[in-house]
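Residue numbers (the UniProt record's numbering), protein chains in the order written: chain A, 1 to 290; chain B, 1 to 290; chain C, 1 to 290; chain D, 1 to 290.
Notes follow the structure.
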């Protein structure tokens, strides 16, 4: 699969941990030593005196894929002297993204369409929904569609098990595109890859169900959307991206939902793009977005 | 006091109550009958079948001030057949606005400066502060400054009584320009005029103290400000205006406060302008802003 | 065709012309007399002393369609005493919208998708393109697709004649969804219905071809999009809607085009919605948008 | 003069020129070698294969001021192998900023107020105006005010000579805060420091005089402001920052001016802050803003 956003022979090195002097010099000397040429470099420290340090370096290195083992060994050796974690990704390889959806199609179709246009450097091995309404649309994009109905009642283990059979090993991250089921902590653990959600409010305002109705009741003059990583605390995970638009007293709940749908798909698509480009680093309940 | 936003021989009629057919026809015929020419006309109904109805009409009427009693009698007679409340204001008369402030000067000075420029159709008979830091600045605008210290402890009755002596009868509304004291319900009742506050967050997110600190802890990607009418429920009054700006992981709490100050003064100045122009109608815990 | 935005038994009366006292009273009395109940009312005068006047009234009237002839006669009689033009539309009848497109699909698919969702109160009898790339996508929405190739060279009369055969009599307005051909004045005259275009810049900046390239060369910090009615003056017609987004020195021309596509489809969809709802009144080279 | 934005014992190194491998490694090793600790690091290359390269590094170095000569010698030696220009600034030393103004006070007072608040890391040795209207306000901030009247007619040499006597040697950059005189190329050459202007439109739309009038005539739905470095080509210099706000058909030219004033002062203050923090690098007719 070709995508203009994929970068042949490019790698991304993410480094984060305890800040200390000399990290930039060590990493940039390392890149030079392994024959790489830096094309993007971002860093952030929340406190230069021993705080948390974050760095993202994208570099071009001919034959990166073939020489990756030696390169990783060099990195490990170089960073051994620092209290840092690191990860290395091949920017020519698309991340495998599954989309979970329910009946609403706006976020789902927007992602599929952006992907087809070449605007998202991912592959989409599957869409899974607890409804069948979007099956035909999804398949018209050449993407497999699987139907996993939600079992009524509090016990989600049967449908979650079915989801896990489809997802585990086949995907690098999961996007909840207005998926209306709450995922259990057990599911998230077994899934083992990041899950990105879109919530239809400016979190932390209007946590929980029916945020547009709550927004209308409170009489707010802006509505928003929030994309965040999913954790076991509902609507409390690390925020990746947010945006708002102006509304008025005359907007009904359904008008807020209609207008909010535009914000939701914009915000979610930015969060997905940045995650796919390794621009987002999680730190506690925050994100650093380079 | 002259202000370009004041309109000689213009009046504003606000009508609100139960919606029923024929209100617009009745009111517009009335304006014609009393010799007025409509220059602005806004209406909103939250449900044409018996919902709540809101209307704002600005009209030009030569000799409005002199003939006001007859005009009011005509209005009362015309609207007697509807279940509506109404109010009439002379758009050539500035509302008297008191500003209450503490140490922070950004909202206070912004209002004083906009007023001097002629951008706010109000008069400012006084600024009252529980600190003296801004006294000289305020007086340089030709505005009286009064110092009413806050008495420590939960009993605010002494300082509130002193405030009431200054305000009651002398002002048409009060603006809290980052005034850091909570006003009691008893004070609000005795004051008897609208009070407009600026809260340094996008309400209902980050209600209460230190919203920028909370915003930083939650890792939001936008911060905001909210101007609302003050009620006895802290930070829960009807919202007049809100806005947000984009922030990043790199913004410290003090940076958020610095950048947020710009949003606060913009949002507050819009809310004050609209209130001064009789554009804001309260309805339950909402506002209609025409 | 059902659409939630269509309003059964509702009509929209647009009035514009020379301002004079008593128009609102006359029109609202008229609506009451014909048994209508006003649900939305907007007016604007660019000078109350003899300037241009604009008014939009949406009213509910049982049996509007059946009684339309009598209602129109009443309106004509009532407005005879004013120097005003008027038009009346049935809000339960969708306007017929043709879309003209080329290779790029973002604006085209966005309109088709919003329409399918019920967010645009129009019918779409056809999409016409000078390329075949989007044929399958268009037909998957159940919309007829016609291919009218562009004849190379300055003489567009053959392909314009073919377009006119398809469009005239079948559509109420035409949307150019990044259609890359310039339409002749002769074509516009023969077409006889409004044509809405989306231009990929904040007009009047970067008029003409390749605006994103020009924007990058000029080093702007924002890019935008403009939707306007098409006139014989290229990129000079009345503006309906505009918006901008923030960009940086690091955005390449293709990145500007990718990000600009989001603004284009947002701006165009708002312009189309407002036109479909009879919210836009043309006046000289301006629009009044209620 | 104390300012919270000034950073004791911090320096900023700006490097720009031809991109080539190893620059980041060389510079970061250099910073480590001279005993510095990097606190901010930004870089951009418009083409990693021999394009233009830009880098900004802020580092903490105890005794920076005292050891500056040796540090500069080290930098010169390290960078001798690259085709790069560089500059080094002491982040504990405020840049000296002169403000030139005319009658309008909104940009002028906003800068003075932000400076007094400690939000601009500059000193303000003088305000010069061709009018006296703002003298008292300026002096109330403790800033010297000089009056240099504009001589009528095309020959500006006398007043420009008087300006040069005040400015040359005393200031590090000049801000035109709605200064309504065009400066000659000869003046700019003799002045020899950067000049920042605020233009009251979204450039390149509405170049020249009376942009709000032109905007109203064109019927735009947004207005904007642009801050740029002044060159001999009027309104054509490198853009530092821009922003827009939404307007409607109902906004008169004076209303556009009133609302535009808020955008102007926001945009200008951001441009001044970024220039003061050495975040802006000029390159041809563009800027890189880190």
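Even for Gly, the Cβ is constructed at its ideal location relative to N, Cα and C.
Since this is a predicted model, take the numbers as computed values, not measurements.
Hey, does residue 1/B have any beta-carbon neighbour from chain A nearer than 8 Å?
-> Low confidence applies here, because residue 1/B scores a pLDDT of 35, under 50, leaving its location unreliable; read the following figure in that light. Not an interface residue.
Kindly confirm or deny that the region 59-68 of chain C and the region 125-141 of chain C touch, where touching means at least three C-beta pairs closer than 8 Å.
-> no
Burial state of residue 83/B, where buried means 16 or more other Cβ atoms lie within 10 Å = exposed
Secondary structure of residue 110/C, DSSP reduced to three states | helix
Ignore the nearest five residues each way along the sequence and tell me which others in residue 229/C's own chain have a CB closer than 8 Å to its CB.
-> 194, 195, 196, 197, 237, 238, 240, 282, 287
Kindly indicate the opening and closing residues of the beta strand (DSSP E) around residue 282/B.
-> 280-283
Consider the Cβ of residue 78/A: report whether some Cβ of chain D lies at a distance smaller than 8 Å.
-> no
So which residues on chain D does residue 45/A lean against when the C-beta distance must stay under 9 Å?
-> 38, 39, 40
For residue 204/A, which residues in chain B fall below 7 Å Cβ to Cβ?
-> 205, 218
The alpha helix (DSSP H) spanning residue 244/D covers which residue range?
-> Premise fails: residue 244/D lies in the beta strand (DSSP E), 239-246, not in any alpha helix (DSSP H).
Just mark residue 250/B as buried or exposed, buried being the case when its beta carbon has 16 or more other beta carbons within 10 Å.
-> exposed
Please list, in chain order, all residues of the same chain as residue 142/A whose beta carbon is under 6 Å from its beta carbon, the five residues on each side excluded.
-> none
Host beta strand (DSSP E) of residue 17/D (start-end) = 10-18
How would you call residue 277/C, buried or exposed, if buried means at least 16 neighbouring beta carbons within 10 angstroms?
-> buried
Grouping DSSP H, G and I as helix and E and B as strand, with all else coil, what is residue 156/C?
-> coil
So, helix, strand or coil for residue 28/C, using DSSP?
-> helix
CB contact below 8 Å: residue 113/B versus chain D = yes
Mind reading off the beta-carbon distance from residue 111/C to residue 171/C? Whole number of angstroms is fine, and I expect it under 8 Å.
-> Wrong, their Cβ atoms sit about 14 Å apart, outside the cutoff.
Using 8 Å as the limit for Cβ to Cβ distance, is residue 225/C near chain D?
-> no
Beta-carbon separation (whole angstroms), residue 13/A vs residue 92/A, contact threshold 8 Å = 15 Å between Cβ atoms; not a contact.
Does the beta-carbon distance from residue 98/A to residue 128/A come in below 8 Å?
-> yes
Straight-line gap, residue 186/D to residue 280/C (C-alpha atoms, nearest Å) | 50 Å
Evaluate contact between the region 140-154 of chain B and the region 146-156 of chain D, counting only Cβ atoms and requiring at least three cross-stretch pairs below 8 Å.
-> no
How big is the Cα-Cα spacing for residue 3/A and residue 209/A?
-> Low confidence applies to residue 3/A: its pLDDT is 45, below 50, so where it sits in the model is not reliable, and the reading given next is rough at best. So the two alpha carbons sit approximately 37 Å from each other.
Hey, residue 222/C and residue 244/C: beta-carbon distance below 8 Å or not?
-> yes
Short CB-CB distance (under 8 Å) between residue 241/A and chain B | yes
Taking the alpha-carbon positions, what's the residue 85/A to residue 16/A distance?
-> 5 Å
Does the count of Cβ pairs from the region 64-81 of chain A and the region 42-49 of chain A closer than 8 Å reach three?
-> no
Interfacial residues, the region 248-276 of chain D to chain B, with Cβ spacing under 7 Å | 258, 262, 266
Endpoints, the beta strand (DSSP E) within which residue 221/A is located = That residue, residue 221/A, is in no beta strand (DSSP E); it is neither H nor E in DSSP.
Given a limit of 9 Å on CB to CB distance, which residues of the region 126-158 of chain B reach chain D?
-> 136, 137, 140
Beta-carbon contacts of residue 89/B that lie in its chain and below 7 Å, excluding the five residues immediately before and after | 11, 12, 278
Given a threshold of 16 other Cβ atoms within 10 Å of its Cβ, counted over all protein chains shown, does residue 77/A qualify as buried or as exposed?
-> exposed
On the three-state DSSP scale, how would you describe residue 203/D?
-> coil
Quick check: the region 22-42 of chain C against the region 20-27 of chain B, are there 3 or more CB pairs under 8 Å?
-> yes
What in chain A is Cβ-close to residue 189/D, meaning under 9 Å?
-> None at all; the shortest Cβ gap to chain A is about 37 Å.
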